[in-house]
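First the structure, in the form of structure tokens, and then the observations on it.
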Ligand SMILES: NC(=O)c1ccc[n+]([C@@H]2O[C@H](COP(=O)([O-])OP(=O)(O)OC[C@H]3O[C@@H](n4cnc5c(N)ncnc54)[C@H](O)[C@@H]3O)[C@@H](O)[C@H]2O)c1
């Protein structure tokens with residue numbers, strides 16, 4: 033992921049990529065000619081305005097706290113940290129230091145989900161009934177220092193709260209570990225948001241297909257967002273009364289028109305970086321806050337706890353409103 037951040041940062045207006053840190057070096061030239069150092073003191077010596085933390089999740093806390101202590105703003109990859117306690121320490125440290133900090137929940141910048149959120153906000157669905165997500169695929173070719181719940185399902189948890197504007201009230205989950213690694217690699221979650229919307233998430237690293245699916249069903253029909261292709265479609269409930277007696281007595285939904293929206297498809301990572309750059313420059317606030325990132329890790333921990341205890345878990349009410357590449361603004 034650091035390679036992708038470096039690619040975007042190296043051509044982002046108003047930003048100069050001054051260096052990267054990776055103890056493994058940069059054998060493939062991912063830093064695009066910027067110096068690559070092995071330690072944090074060397075990195076900080078480059079004089080940074082902000083940094084992107086894209087190392088393994090279990091290292092986010094240590095590196096993030098060191099950046100905050102040195103007065104460096106940070107965009108920290110998702111999940112914010114390997115535990116809710118660590119995420120809380122990060123949120124507190126950046127807050128105390130008065131620094132801009134954000135979490136790389138990139139799905140929020142996917143054009144399909146941005147359009148979906150605007151349409152839900154505009155009331156196009158009427159009453160919301162259910163959010164369903166599926167995020168399935170093969171094993172990642174990288175270190176999995178956390179399980180699939182914290183690594184992948186945090187995308188689903190964050191996007192669900194964000195598109196609906198509503199926090200989780202409860203979760204119940206089951207997990208499986210089939211790959212021989214220490215953490216779970218498959219999860220099924222059923223939950224409820226505080227407005228009564230029901231949610232379900234199927235997330236795993238055990239599927240030979242790759243799927244990134246979000247469906248929101250409500251009074252007027254169903255939106256389907258595919259965040260691999262950035263497509264958003266709407267399946268409307270039919271308005272024409274059916275003549276068939278058996279069906280006309282049925283008071284559920286009927287099949288209506290289907291619309292696939294033509295939406296501009298900008299690269300989500302570029303949009304995420306534009307928003308973060310603007311926030312650092314004091315020109316915008318449209319970033320994922322550390323409080324929001326913390327809340328997502330808390331819900332992920334409740335999912336794991338529910339699976340361990342085979343129990344339905346209510347969530348505490350939410351907290352008040354939420355690297356490899358390094359940059360210096362020119
Ligand atoms: N937003 C997204 O869609 C997305 C996608 C992939 C990964 N991620 C997140 O990005 C982070 C990294 O994931 P990845 O897939 O790139 O992992 P990876 O294992 O492919 O790469 C991690 C890199 O960090 C380096 N590293 C190890 N220790 C370091 C240290 N102390 N300081 C700096 N670099 C160090 C490693 O040498 C390696 O180059 C994870 O938190 C992951 O959850 C986010």
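Numbering (the working numbering), first residue to last: 33 to 362. Ideal Cβ placement from N, Cα and C applies to all residues, glycine included. The model shown is predicted, which means the values in this text are computed figures rather than measured ones.
If we ignore side chains and look at the alpha-carbon of each, how far apart do residue i and residue j end up?
{"i": "residue 149", "j": "residue 139", "result": "12 angstroms"}
{"i": "residue 77", "j": "residue 325", "result": "28 angstroms"}
{"i": "residue 250", "j": "residue 145", "result": "16 angstroms"}
{"i": "residue 306", "j": "residue 218", "result": "34 angstroms"}
{"i": "residue 178", "j": "residue 85", "result": "16 angstroms"}
{"i": "residue 215", "j": "residue 107", "result": "26 angstroms"}
{"i": "residue 230", "j": "residue 44", "result": "40 angstroms"}
{"i": "residue 346", "j": "residue 171", "result": "31 angstroms"}
{"i": "residue 165", "j": "residue 41", "result": "30 angstroms"}
{"i": "residue 152", "j": "residue 340", "result": "34 angstroms"}
{"i": "residue 295", "j": "residue 95", "result": "37 angstroms"}
{"i": "residue 267", "j": "residue 117", "result": "41 angstroms"}
{"i": "residue 227", "j": "residue 155", "result": "15 angstroms"}
{"i": "residue 290", "j": "residue 269", "result": "9 angstroms"}
{"i": "residue 126", "j": "residue 132", "result": "7 angstroms"}
{"i": "residue 351", "j": "residue 201", "result": "Caution is warranted here: a pLDDT of 45 is assigned to residue 351, below 50, making its placement in the model unreliable, and the coordinate value is therefore given only provisionally. When rounded, the distance between both Cα atoms is 13 angstroms."}
{"i": "residue 143", "j": "residue 112", "result": "23 angstroms"}
{"i": "residue 252", "j": "residue 160", "result": "9 angstroms"}
{"i": "residue 357", "j": "residue 237", "result": "Below a pLDDT of 50, predicted positions are generally treated as unreliable, and residue 357, at 37, falls in that range; no measurement from the model is reported."}
{"i": "residue 102", "j": "residue 83", "result": "11 angstroms"}
{"i": "residue 241", "j": "residue 308", "result": "32 angstroms"}
{"i": "residue 39", "j": "residue 33", "result": "10 angstroms"}
{"i": "residue 271", "j": "residue 247", "result": "21 angstroms"}
{"i": "residue 129", "j": "residue 37", "result": "25 angstroms"}
{"i": "residue 35", "j": "residue 59", "result": "11 angstroms"}
{"i": "residue 344", "j": "residue 199", "result": "17 angstroms"}
Just reading off the beta strand (DSSP E) that residue i is part of, what are its end residues?
{"i": "residue 223", "result": "218-225"}
{"i": "residue 256", "result": "253-258"}
{"i": "residue 173", "result": "Premise fails: residue 173 is in no beta strand (DSSP E) and is neither H nor E."}
Does the Cβ of residue i lie closer than 7 angstroms to at least one heavy atom of ligand 1?
{"i": "residue 246", "result": "no"}
{"i": "residue 109", "result": "yes"}
{"i": "residue 86", "result": "yes"}
{"i": "residue 183", "result": "yes"}
{"i": "residue 133", "result": "no"}
{"i": "residue 197", "result": "no"}
{"i": "residue 215", "result": "no"}
{"i": "residue 60", "result": "no"}
{"i": "residue 89", "result": "yes"}
{"i": "residue 136", "result": "yes"}
{"i": "residue 95", "result": "yes"}
{"i": "residue 267", "result": "no"}
Report back the beta-carbon spacing between residue i and residue j to the nearest angstrom; my notes put them in contact at under 8 angstroms.
{"i": "residue 233", "j": "residue 185", "result": "6 angstroms"}
{"i": "residue 304", "j": "residue 136", "result": "7 angstroms"}
{"i": "residue 163", "j": "residue 196", "result": "6 angstroms"}
{"i": "residue 235", "j": "residue 167", "result": "5 angstroms"}
{"i": "residue 255", "j": "residue 157", "result": "7 angstroms"}
{"i": "residue 93", "j": "residue 121", "result": "6 angstroms"}
{"i": "residue 110", "j": "residue 187", "result": "7 angstroms"}
Please check if any C-beta of chain D sits within less than 8 angstroms of the C-beta of residue i.
{"i": "residue 152", "result": "The chain inventory of the structure shown lacks chain D, comprising one protein chain alone."}
Determine, using beta carbons only, whether residue i and residue j come nearer to each other than 8 angstroms.
{"i": "residue 66", "j": "residue 53", "result": "no"}
{"i": "residue 258", "j": "residue 292", "result": "no"}
{"i": "residue 49", "j": "residue 64", "result": "yes"}
{"i": "residue 98", "j": "residue 322", "result": "no"}
{"i": "residue 189", "j": "residue 317", "result": "no"}
{"i": "residue 181", "j": "residue 336", "result": "yes"}
{"i": "residue 213", "j": "residue 176", "result": "yes"}
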